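Quick notes on the structure that follows.
Residue numbers (the UniProt record's numbering): 1 to 214.
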């Protein structure tokens, strides 16, 4: 059975986990697990709740989601599913500084923006482990050996990285080059600032890792 690790329980970890969990097993069964260094899901779409009143919440990240015409043509089912399950609802009030473009629709999450991530993780049916911070990734004999801050290393067939680019570049092992130039550091800063970044590495073993970060 192939073992698949998704690193990060944020929006870019929750959705692919759900897609993998829903795929038919096929001739090659697989087991998908999610690791995240935090104590709960959300990542950059986290929601904080008051310890005195659970109804008092604050979104620590995205305030609302924008459905663009380009995205609606490629992935309409994601928003339809979230709306049908009342995870999202249309944003009818105005937000200071919000720019509304023609053809775009804005939505908010009544239960907090982290409810979007929680929904996809719940639908995925995969095993989720929190307080699992990845520190090293090695390619050994065609398998990925992944080390975390505490606990033994584990051997996996596929590793999907959805954590921020700078966190990925801080990992040790075969995933990054040991030497870093000033131009590379500048590129990292630009990657952190960008809304959507795709980064590809070619480790010494020859296999390719690709990550797509929002």
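Where is the CB? At the ideal position from N, CA and C, for every residue including glycine.
Predicted, not measured: the structure shown is a model, and the values here were computed from it.
Spatially closest choice to residue i from the options, by CA coordinates
i	options	result
residue 94	54, 37, 27, 105	105
residue 159	166, 174, 149	174
residue 110	97, 83, 44, 28	83
residue 157	144, 48, 73, 9	144
residue 7	70, 36, 90	36
residue 153	67, 161, 139	139
residue 162	150, 149, 117	117
residue 168	134, 141, 151, 155	134
Residue(s) in a DSSP beta bridge with residue i
i	result
residue 48	58
residue 5	33, 159
residue 66	106
residue 172	136
Residue i versus residue j: straight-line alpha-carbon distance, rounded
i	j	result
residue 24	residue 18	12 Å
residue 120	residue 12	10 Å
residue 4	residue 65	29 Å
residue 131	residue 102	42 Å
residue 165	residue 39	20 Å
residue 63	residue 97	12 Å
residue 178	residue 44	Residue placement at residue 178 cannot be trusted, given a pLDDT of 40 that sits under 50; the coordinates are not used to answer.
residue 92	residue 26	43 Å
residue 107	residue 60	16 Å
residue 56	residue 47	10 Å
residue 191	residue 52	Bear in mind that the predicted position of residue 191 carries a pLDDT of just 47, short of 50, making it unreliable; the figure below should be weighed with that in mind. Rounded to the nearest angstrom, the two C-alpha atoms are 38 Å apart.
residue 79	residue 122	16 Å
residue 149	residue 74	38 Å
residue 14	residue 50	24 Å
residue 172	residue 146	10 Å
Residue i Cβ short of 6 Å to the ligand MG heavy atom set
i	result
residue 103	Among the components of this structure there are no ligands whatsoever, and the ligand MG is therefore not found.
Unbroken alpha helix (DSSP H) runs of length 4 or more, entirely within the region 90–155: which are they?
Entirely contained in the region 90–155, the alpha helix (DSSP H) runs reaching 4 residues are, in chain order, 114–124.
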